[in-house]
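Residue numbers for the sequence shown, in the numbering used here: 23 to 120.
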Amino acid sequence: MLLFFSQYDTFWEMDADGLKQHRLWVNTKISWKDLTRVVSSWSSTYDLKIEYQRHGLGAKSGRILASPRDRDQFLDTLRHFAPQVEFTDESAKKTFDI
């Protein structure tokens, strides 16, 4: 039941500082420079896996899962703020352009 609510009670903020995920009572903020890869995995519950490598204190690497309502706009914003990110389509095993 918690998984169900966490999937539907998630929202995102994207601004000049970075990407912020709000899921239930947990908030995750990732700076744009820390994003490394976005993996499209159309076959899973979550549409995108966003990987990061932190350059400061705290967890050094990780990932967050996303299923944005407007996938195209979400990806366009990621590409605008984080041009260094590699975009990969896991189902086709290739890099994709957005």
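Positions of the beta carbon are idealized from the N, C-alpha and C atoms, including for glycine.
Under the DSSP definition of a beta bridge, T32 partners with R45. Around the Cβ of L46, a 10 Å sphere holds fewer than 16 other Cβ atoms; the residue is exposed. For S53, the beta-bridge partners assigned by DSSP are G40. L79 carries a coil assignment under DSSP once its states are collapsed to helix, strand and coil. Within a 10 Å sphere around the beta-carbon of F96 sit 16 or more other beta-carbons, which makes this residue buried. Under DSSP, V61 takes part in a beta bridge, and its partners are K71 and T110.
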